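I have placed the structure first, in the form of structure tokens, so that the comments after it can refer back to it.
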Amino acid sequence: MIWGAVGCVLCVWVYVGCKGSSSGVLPPDSGTTCYYNGVDTCNVKNGKLMLSINPAQVYQTMHSFGASDGWTTKFIGTWADEKKKNQIADLLFSLDTSSTGDPVGIGLSMWRFNIGAGSYEQGDASGIATDWRREECFLDANGNYDWSKEAGHQWFLDAARKRGVKYTLGFSLSPPVSMTANGKASAMDVKGVHLNIAPGRMGDYADFLVKVADHFHFDYISPVNEPQWAWGGDGSGGSTQEGSQATNTDIDTLVTLLSKDLASAGSSSKVVVGEAGTWNYLYTNNTDGRGD
110 MIWGAVGCVL
120 CVWVYVGCKG
130 SSSGVLPPDS
140 GTTCYYNGVD
150 TCNVKNGKLM
160 LSINPAQVYQ
170 TMHSFGASDG
180 WTTKFIGTWA
190 DEKKKNQIAD
200 LLFSLDTSST
210 GDPVGIGLSM
220 WRFNIGAGSY
230 EQGDASGIAT
240 DWRREECFLD
250 ANGNYDWSKE
260 AGHQWFLDAA
270 RKRGVKYTLG
280 FSLSPPVSMT
290 ANGKASAMDV
300 KGVHLNIAPG
310 RMGDYADFLV
320 KVADHFHFDY
330 ISPVNEPQWA
340 WGGDGSGGST
350 QEGSQATNTD
360 IDTLVTLLSK
370 DLASAGSSSK
380 VVVGEAGTWN
390 YLYTNNTDGR
400 GD
């Protein structure tokens, strides 16, 4: 399952599944994408287009309607203007209706929290060009946790819960920089397609995620994000944001350790495993152990 993109405050994914025609013949190409049941709905001049809906036929069940806090909440959440912040939070999370009968907000039911890896503290040395795409880390190189980090993110997490958002999910783009193979939160100069993590640190990474999940009481924890992209590991010399490649084997090892640690800690957080840069990586496109 793709839970959402991380590059925006609000990313709404709409996925429409369509059955092909019984003849298996594609409609003619008129340069539009408006075909429904063989009818070019963009060019219907007169008459009515009739759509039949069968509520008894269920094709899928949506778990939640969610969005991510990356990347702007680090700034917005620390604004001094509480009124403006709360207006934004209402637009995202509110289930209320105004006096005119209009919805106050879009009523998200899941809020995704970006668990930073420490590129923000590194500044320009992180290799990530803009601080908009860098994040703080709760853990420093000496093993100390500072829960005051990511204050802007935390403000929105609290605002979501106050407005009744049902689920929260913590997602990680990279291990903390103190655990990565290159000391950075992207895959810069990392050869191959494996997770950017130093030898022997996978268990430490799992422990870190458990502590963060436990501290914030996340319903879900997502330890890997879009592992098919290079995130600087293509020799380009930089990355647009925090991120790491990972093979299916890497993910299996990490999720196994993480699940055991969550169980040992008595945590109620559940691991979300399915992650892909695009839909087809979920079921095909497995040329280097990072798909299917």
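So the number in our numbering is just where the residue sits in the sequence shown, counting from 1, plus 109. No residue lacks a Cβ here, since even glycine has one placed at the ideal position from N, Cα and C. Just so it is clear, the structure is predicted and the values come from calculations on it, not from any experiment.
- The Cβ neighbour count for E244, taken over all protein chains shown within 10 Å, is at least 16; the residue is labelled buried.
- A contact is defined here as three or more CB-CB pairs under 8 Å, and the region 214-230 meets this definition with respect to the region 256-271.
- Among the bridge pairs identified by DSSP, A176 is matched with W220.
- Taking a contact to require three or more Cβ pairs closer than 8 Å, the region 268-278 and the region 339-348 do not qualify as touching.
- Of the candidates V299, K300 and L318, the residue whose Cα lies closest to the Cα of P284 is L318.
- Judged by their CB atoms, L266 and W338 are not nearer to each other than the 9 Å cut-off.
- Taking a 10 Å sphere around the C-beta of G375, we find fewer than 16 other C-beta atoms and assign the residue as exposed.
- About 5 Å separates the beta carbons of A315 and D370, which is inside the 8 Å limit, making them a contact pair.
- Rounded to the nearest whole angstrom, the CA to CA distance from N389 to A250 is 38 Å.
- Within the same chain, and ignoring the five residues on either side of D359 in sequence, the residues whose Cβ sits closer than 7 Å to its Cβ are H303 and L304.
- K300 is not bridged by DSSP to any residue.
- Leaving aside the five residues that flank S378 on each side, the residues in its chain whose CB is nearer than 7 Å to its CB run, in chain order, A322, F327, D328, Y329, I330 and L371.
- If you ignore the 5 residues before and after L391, its C-beta comes within less than 6 Å of the C-beta of A385, all in its own chain and listed in chain order.
- Taking a 10 Å sphere around the C-beta of W180, we find 16 or more other C-beta atoms and assign the residue as buried.
- Taking each of C143, P336 and S177 in turn and checking the Cα distance to Q263, the smallest one comes out for S177.
- Assignment of F265 by DSSP, reduced to helix, strand and coil, places it in the helix class.
- The C-beta separation of I237 from E351 comes to about 7 Å, placing the pair in contact by the 8 Å criterion.
- The criterion of a C-beta distance shorter than 9 Å is satisfied by S281 and V333.
- A distance of 9 Å or more separates the beta carbons of S295 and G216.
- Between the alpha carbons of G309 and V364 lies a distance of about 15 Å.
- DSSP lists G279 and V380 as the beta-bridge partner residues of I330.
- Separation of S173 and T277 (C-alpha to C-alpha, rounded to the nearest whole angstrom) is 10 Å.
- A straight line joining the alpha-carbon of S368 with that of T387 spans about 25 Å.
- Here the alpha carbon of L366 sits roughly 19 Å from the alpha carbon of A290.
- The C-beta distance from G175 to S218 rounds to 7 Å, short enough to meet the 8 Å contact threshold.
- The C-alpha of G398 lies about 9 Å from the C-alpha of A355.
- Look at S348 here: in three-state DSSP terms it is strand.
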